[in-house]
Amino acid sequence: MSEPFVFDPRYHRCKQPFGAVVCGEAVSFHCRPLKSEGFTHCSLVMHEEFSGILEEYQMSYIGEEEDGRVCFATEVLAPKNPDLVWYYFRFWRDNHTGCVLDKTGYRSDLQLDPWQLTVYEKSHTPAWFSQGIIYQIFPARFPRLSIPDPEGMVG
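The sequence shown runs contiguously to residue 261 in the working numbering.
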């Protein structure tokens, strides 16, 4: 089967694991541009929003695939602390021409619309939490029209 996309974070051949990841977990990325586009290099650019860290990871050239595509891959570790990580890919050819790939497709204008990777801290729900009934009370739903007079309440 030939997939029409270069990268889709919801597809297991492009990103593993699916969805958000636990702090420090390994995440693998695969990009699959058409061979006819002539890209010889690819890198993954990641920006950690809360920590401000910006990193670029050179992706390995894996080889040609049967459907006329080439494959680039890398594996990175998610940040050790919870964060929102924004990422996109940078492609280039041996003649130094290229472009970036974000969730809107290939672009050369540097107006990026990157994908988001949510990194969370693993936690466990206490056993006692499932043993009872939970009520959520929203005080804002019971506004007072006036403040009661404490003098008038004494009886």
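The beta-carbon is built from N, C-alpha and C at its ideal position, and this holds for glycine as well.
CA nearest to the CA of residue i, picked from the options
i, options, result
"Pro220", "Arg175, Trp192, Gly204, Val112", "Trp192"
"Glu154", "Ser134, Pro188, Ser236, Ser166", "Pro188"
"Pro139", "Glu170, Val151, Leu190, Val176", "Val176"
"Leu223", "Gly169, His230, Lys209, Phe235", "Lys209"
"Gly125", "Ser214, Phe178, Asp255, Tyr226", "Tyr226"
"Phe145", "Gly158, Pro123, Met165", "Met165"
"Arg213", "Tyr194, His230, His202, Asp200", "Tyr194"
Bridge partners - residue i, DSSP secondary structure assignment
i, result
"Thr146", "None; Thr146 has no bridge partner."
"Met152", "Glu161, Tyr193"
"Leu140", "Arg175"
"Phe135", "Lys121, Thr180"
"Val112", "Val112 is not bridged to any residue."
Buried versus exposed, by CB contacts within 10 Å (16 or more), residue i
i, result
"His136", "buried"
"Tyr241", "exposed"
"Ala132", "exposed"
"Leu160", "exposed"
"Lys121", "buried"
Integer Cβ distance of residue i from residue j, believed to fall under 8 Å
i, j, result
"Val128", "Lys228", "5 Å"
"Leu150", "Thr180", "6 Å"
"Val206", "Leu218", "7 Å"
"Phe178", "Ile168", "7 Å"
**Message:** In chain order, what are the residue ranges of uninterrupted beta strand (DSSP E) at least 3 long that sit wholly in the segment 169-245?
**Reply:** 176-183, 189-198, 204-208, 211-213, 221-226
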